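In the numbering used here, each residue's number is its place in the sequence shown (first place is 1) plus 14.
Beta carbons: idealized from backbone N, C-alpha and C, even for Gly.
Remember, predicted model here, so these are calculated numbers, not experimental data.
The structure appears below as structure tokens.
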Amino acid sequence: MNFDPEFCRNESEVESKLIVQYLLPKLGYTPDTWHQEVTFGKIRLDFLAFAMQKIPLLVDANSPLSVVLEAKHPKQNLNRHTRRLKRYLLSLNVRYGLLTNGRELRIYEKIKNEIQLLFHCDCKNLESHIEDIKAILGRESLKNQNFQPDYPASLTNSKIPMKTIAVYHNKGGVGKTTTVVNLAAALRNLGKRVLIVDLDSQANTTFATGLIKTMFDDENLDDIKDNNIYHILRSTEFNTIPEIAKKSSFNSEEIDVIPSHINLMKTENELNQMRSSQNMLSRKLKQVESQYDIVLIDTPPSLNLFAYIALLTADYLIIPSDLKPFANQGLLNVKDFINEINNCRDSYGKPNLEILGVLPCKISTNARFVQYSLPRQMDVIPQRYGFNLMDTVIYQRNELSACLEQYQYVGDMQIPDPRSVFDFKPDGDSAREFELLADEVLQKIGMA
15 MNFDPEFCRN
25 ESEVESKLIV
35 QYLLPKLGYT
45 PDTWHQEVTF
55 GKIRLDFLAF
65 AMQKIPLLVD
75 ANSPLSVVLE
85 AKHPKQNLNR
95 HTRRLKRYLL
105 SLNVRYGLLT
115 NGRELRIYEK
125 IKNEIQLLFH
135 CDCKNLESHI
145 EDIKAILGRE
155 SLKNQNFQPD
165 YPASLTNSKI
175 PMKTIAVYHN
185 KGGVGKTTTV
195 VNLAAALRNL
205 GKRVLIVDLD
215 SQANTTFATG
225 LIKTMFDDEN
235 LDDIKDNNIY
245 HILRSTEFNT
255 IPEIAKKSSF
265 NSEEIDVIPS
275 HINLMKTENE
285 LNQMRSSQNM
295 LSRKLKQVES
305 QYDIVLIDTP
315 PSLNLFAYIA
325 LLTADYLIIP
335 SDLKPFANQG
345 LLNVKDFINE
355 INNCRDSYGK
365 PNLEILGVLP
375 CKISTNARFV
385 QYSLPRQMDV
395 IPQRYGFNLM
405 DTVIYQRNEL
415 SACLEQYQYV
425 GDMQIPDPRS
435 VFDFKPDGDS
445 AREFELLADE
455 VLQKIGMA
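Quick look at the structure:
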């Protein structure tokens, strides 16, 4: 049987027609030596094939004698999935990984703590390359290879501590919510366990992550008013993060979210009188540090208690800005606020807040602006305000606003159904920009 890429119109057909019906038999794997939809903890593999029969299913020191096969939609760019494949191979100590969208096929090899592209071909020419693929991944080839396993850093080194990042500017409309939700999605897509905390009473992030399914015309439908960030902050013993956090499906890889609520603005005076509320979020995050890799905190565009709590809790700070004069003037207030926060952090025995930089956000894509005006605007930030700029630039594109404006209909009711930019337009420029931002953030916080 020859393979024709035109047979594959979706991910399911890539799995069934390319992998199950063509590749696995060609490579010598019988039905008892491969498994579909295999789960190890939070890792879910499309396929795992063994050179030696495994009953019961087990990944151990012999797992180099196995191969991970991942199938993607024909329209998916495989570059977006290599980092996740790397995590699979390193975490499970598997030597080879195959990645395909039915149009292109790639084979990667794990070498120490990295993966290298070993082979790739166009699936139109798959038949002419099948012997090359078989020489690498064929069942008999794997059994004959001499491989000494090297265990991944994740199994030999101590776990990197959870990192908490606040996204803050006291000027509104600069892209805080867009940054939080899409950076969270990018990090989650890279395999990081992410928690979003919404500390803004406007609850834009809560909406953008799909947790407000109605506009609460009927107050009885409001399932957030009694379970939100306020309840985390007010109680020392009750309302833990696992009790309050909600699963969000705005991204294909689910993300936990501690929601906010419009009633939060009414509680500031009450919480101000409770000094313990300032450090309560930090204390409760400490209880779940083994459950998450990264916490992202969205903040109000103000200098109020909730912004104070966010910056007191965080290890790092990202300052999104459209670089316009009004936003730039606000950076002076941000700098003073950070100094105030650092004095308080010192009293709690915490190091100073580490500033990852000003993130150029909602930037015009006009070619003349980008060529002539943007460089001057960017130069102003370190020269006049003393903040470093981040390397990534998030441009203002239609897909960034459109992905948050998606709806679905249930009967006659229109229900918000916002999506991450990765689910809305995975191969778009905005998705690529947030992938670059995620890579930059991981490098700067020591989690790359």
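Can you tell me whether DSSP reads residue i as helix, strand or coil?
i	result
GLY152	coil
ILE238	coil
THR254	coil
MET427	strand
ASP443	helix
PHE61	strand
PHE472	Missing from the structure shown is residue 472; the chain here goes from 15 to 462 and no further.
MET229	Because the pLDDT of MET229 is 45, which lies under 50, any placement of that residue in the model is unreliable, and the question is left without a value.
ILE174	coil
THR281	helix
ARG23	coil
PRO70	Low confidence applies to PRO70: its pLDDT is 47, below 50, so where it sits in the model is not reliable enough to give any reading.
VAL271	strand
GLU51	strand
LEU209	strand
LEU403	strand
VAL188	coil
ASN76	Residue confidence is low: ASN76 scores 44 on pLDDT, short of 50, so the model does not pin down where it sits. No coordinate-derived value is stated.
LYS338	coil
LYS364	coil
PHE17	coil
GLY460	coil
Which same chain residues end up closer than 8 Å to residue i when comparing Cβ atoms and leaving out the 5 residues on each side of it in sequence?
i	result
GLN301	THR254, ILE255
GLU118	LEU92, HIS134, CYS135, ASP136, CYS137
PRO166	Low per-residue confidence applies at PRO166: pLDDT is 39, beneath 50, and the placement is therefore not dependable enough to give any value.
TYR421	GLN428, ILE429, PRO430, ASP431
ARG411	THR379, GLY442, ASP443, SER444
What distance in whole Å lies between the Cβ atoms of residue j and residue i, which are believed to be in contact at a cut-off of 8 Å?
i	j	result
VAL181	LEU310	7 Å
VAL435	ASN196	5 Å
THR327	SER361	Contact flag wrong, Cβ pair sits at about 14 Å.
CYS6	ILE352	The displayed coordinates of the chain run from 15 to 462. Any statement about residue 6 would go beyond what the structure contains.
ILE246	LYS298	6 Å
ASP312	LEU213	6 Å
THR223	ILE238	At roughly 12 Å, the Cβ-Cβ gap does not stay under 8 Å, so THR223 and ILE238 are not in contact.
ASN347	ASN356	Between ASN356 and ASN347 the Cβ distance is about 15 Å, and since that is not below 8 Å, they are no contact.
SER475	ARG248	Because the chain is modelled from 15 through 462, residue 475 falls outside the range shown and cannot be assessed.
THR281	TYR322	14 Å between Cβ atoms; not a contact.
Would you kindly check if the distance between the Cβ of residue j and the Cβ of residue i is under 8 Å?
i	j	result
ASP269	ILE258	It should be noted that the sequence gives Ile, not Asp, for residue 269. Contact: no.
THR193	ILE332	yes
ASP60	LEU83	yes
GLY116	LEU32	yes
SER274	ASN242	yes
LEU99	LEU79	no
ARG207	TYR306	yes
LEU345	PHE264	no
List the DSSP bridge partners of residue i.
i	result
ARG382	Bridge partners of ARG382: none, in fact.
GLN420	The partner list for GLN420 (beta bridge, DSSP) is empty, contrary to what the question assumes.
VAL181	ASP312, ILE332
GLY371	ILE332
TYR122	GLY111, LEU131
LYS261	ASP270
ALA85	THR114
TYR409	ILE377
Please go through the same chain and pick out, in chain order, the residues whose beta-carbon is closer than 6 Å to the beta-carbon of residue i, but skip the five residues on each side of it.
i	result
GLN162	Low confidence applies here, because GLN162 scores a pLDDT of 43, under 50, leaving its location unreliable; read the following figure in that light. Cβ within range, chain order: n/a, list empty.
ASN218	THR191
ARG446	none
GLY371	ASN402, LEU403, MET404
Leaving out the 5 sequence neighbours to the left and right, which residues in its chain are closer than 7 Å to residue i when beta-carbon positions are compared?
i	result
ILE459	LYS177, TYR330
GLU154	GLY42
LEU140	PHE17, LEU119
ALA452	LEU197, ALA200, LEU201, LEU204
PHE340	LYS185
PHE21	GLU27, LYS31
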